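To start, the structure under review is shown below, and the notes come after it.
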Amino acid sequence: MLKNIIKKTRDPEYHFFAGKGGVGKTSVAAATALWFSGKGKKVLIISTDPAHSLSDSFEKKIGGDLKKLDKNLYAVEIDPKKAMEEYKEKIMPKIEKIDFLKGLGMEDTFDYVGMTPGIDEMAAFDKFLQYMDSREYDIIIFDTAPTGHTLRFLSLPDVLDSWVGKMIKIRMRFAGVANLVKKVLPFGNPEEEGESLGTGQLEEMKKRIGAAKLILSDPKKTHYNMVMIPEAMSIYESERSLEVLNQYNIPVERVIVNQLIPENSRCDFCREKRKMQQERLKDIRKRFKKFRILKLQMFREEIKGSKTLTRAGKELYG
Ligand SMILES: Nc1ncnc2c1ncn2[C@@H]1O[C@H](COP(=O)(O)OP(=O)(O)OP(=O)(O)O)[C@@H](O)[C@H]1O
Ligand SMILES: [Mg+2]
0 MLKNIIKKTR
10 DPEYHFFAGK
20 GGVGKTSVAA
30 ATALWFSGKG
40 KKVLIISTDP
50 AHSLSDSFEK
60 KIGGDLKKLD
70 KNLYAVEIDP
80 KKAMEEYKEK
90 IMPKIEKIDF
100 LKGLGMEDTF
110 DYVGMTPGID
120 EMAAFDKFLQ
130 YMDSREYDII
140 IFDTAPTGHT
150 LRFLSLPDVL
160 DSWVGKMIKI
170 RMRFAGVANL
180 VKKVLPFGNP
190 EEEGESLGTG
200 QLEEMKKRIG
210 AAKLILSDPK
220 KTHYNMVMIP
230 EAMSIYESER
240 SLEVLNQYNI
250 PVERVIVNQL
260 IPENSRCDFC
270 REKRKMQQER
280 LKDIRKRFKK
290 FRILKLQMFR
300 EEIKGSKTLT
310 RAGKELYG
């Protein structure tokens with residue numbers, strides 16, 4: 000009983016999986032979720048990939064509402080574009096007033112809230128803020144779309160922080176503008192009409208963004224994994240991504256090398272490929288010395304459904 004209370008009041012741990020398209024991020028994220036839930040942790044896995052690959056991976060229809068997959072395992076697939084479309088519909092009439100903001104040096108700002116691709120990451124960040132203070136889960140896992148997106152998602156706290164700072168200043172000069180801004184911010188409440196957004200609320204928002212930044216750069220709370228395959232292109236790209244993450248103070252902790260051909264393969268092709276991969280693996284160990292390296296073999300079958308996901312989890316962590 001007491002154990003339960005202690006468990007629920009603890010801050011959740013976050014796990015992110017970065018990496019090039021198709022290297023196995025979703026498979027590894029799903030396997031990680033299953034592994035932790037099997038250890039008795041209460042786990043939530045959130046996908047921000049519009050392709051809905053999480054449903055395929057678990058072989059269960061998940062969708063936009065929180066779904067219980069297992070005793071300790073919950074999942075939700077948010078489609079950032081769809082969420083933003085719905086959101087924009089609600090706020091459209093107000094967006095038209097944006098012309099009014101030109102000349103205030105706010106156009107670039109509204110690019111971020113408006114029609115640029117940044118909107119996807121905005122929605123993902125919104126989810127992060129929503130679950131940031133949650134005491135519901137022990138572990139929250141994010142499965143994101145390929146590298147570029149993840150990186151932009153992680154740079155958002157900085158962008159928003161300066162943005163909200165700017166708003167506070169403008170708020171001092173132009174009452175009413177801030178009210179409009181509140182309605183176009185994805186993590187504002189579009190239902191709330193009329194009431195003007197005070198400097199206090201902007202300060203509050205700034206605080207939340209600051210708190211998110213702290214969590215995202217705290218290696219005790221947030222665990223970043225770089226997923227790659229033992230091939231030159233994947234290694235180089237991961238190295239570049241790691242540099243960018245470093246600039247944002249994102250502490251990557253593990254490198255996961257996926258799709259390794261197992262030993263004792265009987266076919267020539269597999270043996271040759273394994274030889275090449277083992278060379279690349281040596282290179283990875285040299286280049287990524289600072290990181291913990293986890294390995295996952297190439298399975299005969301796709302990683303799909305609880306059986307293969309459990310096997311993958313054991314191989315990675317067990
Ligand atoms: N170790 C493995 N053994 C066998 N199949 C694998 C392995 N890892 C991944 N796969 C398969 O490769 C495909 C791509 O994997 P996955 O969807 O996890 O990649 P991803 O990095 O999430 O892709 P995306 O960038 O498109 O989101 C899937 O069909 C998955 O089943
Ligand atoms: Mg994926």
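Just so we're aligned: the sequence shown equals residues 0 to 317 in numbering that gives the first Met the number 0. Just so you know, even glycine gets a beta-carbon here, dropped at the ideal spot from N, CA and C. Please read these numbers as outputs of a predicted model, since none were measured by experiment.
On the CB-based measure, 16 or more other CB atoms within 10 Å of its CB, does residue i come out buried or exposed?
i: D137; result: buried
i: M204; result: buried
i: G317; result: exposed
i: E191; result: With a pLDDT of 47 at E191, under the threshold of 50, the modelled position of this residue cannot be trusted; read the value that follows with caution. Looking at its Cβ environment, which holds fewer than 16 other Cβ atoms inside 10 Å, E191 is exposed.
i: R273; result: buried
i: S237; result: buried
i: A144; result: buried
i: D125; result: buried
i: L295; result: buried
i: N224; result: buried
i: N248; result: exposed
i: D142; result: buried
i: D78; result: buried
i: G21; result: exposed
i: L68; result: buried
i: L72; result: buried
i: L65; result: exposed
i: P116; result: Residue confidence for P116 is low, a pLDDT of 39 falling below 50, so the modelled location carries little weight; the figure read from the coordinates is stated next. Burial call: exposed.
i: K19; result: buried
Thinking just about the alpha-carbon of each residue, which of the options is nearest to the one in residue i?
i: T309; options: D267, S36, R253, C269; result: S36
i: C269; options: K285, F16, G23, R299; result: R299
i: S240; options: P79, A17, L43; result: A17
i: K80; options: D48, D64, N71, L65; result: D48
i: F290; options: G304, V251, R265, N263; result: V251
i: S52; options: L33, V75, L65; result: V75
i: F287; options: K19, M275, Y235; result: Y235
i: M227; options: D69, R265, R253, K212; result: R253
i: K303; options: D10, K24, C266; result: K24
i: D132; options: I208, K306, G62; result: I208
i: G62; options: S216, A50, E314, F15; result: A50
i: I214; options: G20, Y130, T307, N263; result: Y130
i: Q246; options: H14, S216, T307, I139; result: S216
i: L293; options: I255, V243, L128, T307; result: I255
i: Y134; options: K70, E12, V243; result: The question names Tyr, but residue 134 in the sequence shown is Arg. Per the Cα distances, E12.
i: D10; options: M275, A210, K306; result: A210
i: S264; options: S46, A311, M297, H222; result: M297
i: I140; options: H14, T307, A311, F127; result: H14
i: I45; options: H222, F127, R284; result: F127
May I ask whether a heavy atom of ligand 2 can be found less than 7 Å away from the beta carbon of residue i?
i: S54; result: no
i: K212; result: no
i: T25; result: yes
i: D132; result: no
i: D78; result: no
i: D142; result: yes
i: D48; result: yes
Can we count residue i as close to ligand 1, meaning its CB is less than 7 Å from some heavy atom?
i: F298; result: yes
i: K303; result: yes
i: N224; result: no
i: V22; result: yes
i: Q315; result: Residue identity differs from the one stated: residue 315 is Leu in this sequence, not Gln. Answer for L315: no, Cβ out of range of ligand 1.
i: Q258; result: yes
i: L33; result: no
i: K295; result: Per the sequence shown, the amino acid found at residue 295 is Leu instead of Lys. Yes, since a heavy atom of ligand 1 falls inside the 7 Å radius drawn around the Cβ of L295.
i: G312; result: no
i: G18; result: yes
Legend entry - Three CB pairs or more closer than 8 Å across the stretch 231 to 249 and the stretch 279 to 298: yes
Inset, instruction - Please determine if the stretch 20 to 35 and the stretch 47 to 66 are in contact, where contact requires at least 3 C-beta pairs separated by less than 8 Å. - result: yes
Legend entry - Minimum length 3: unbroken beta strand (DSSP E) runs contained in the stretch 13 to 52: 42 to 46
Legend entry - Inter-stretch contact (C-beta, 8 Å, three-pair minimum) for the stretch 40 to 48 and the stretch 253 to 268: no
Inset, instruction - Within the stretch 280 to 315, note down every full alpha helix (DSSP H) run reaching 4 residues or more, in order along the chain. - result: none
Inset, instruction - Taking only runs that begin and end inside the stretch 246 to 276, name each unbroken beta strand (DSSP E) of 3 or more residues, in chain order. - result: 251 to 259
Inset, instruction - Run through the stretch 215 to 251 for me and flag every whole alpha helix (DSSP H) of 4 or more residues, listed as ranges in chain order. - result: 231 to 246
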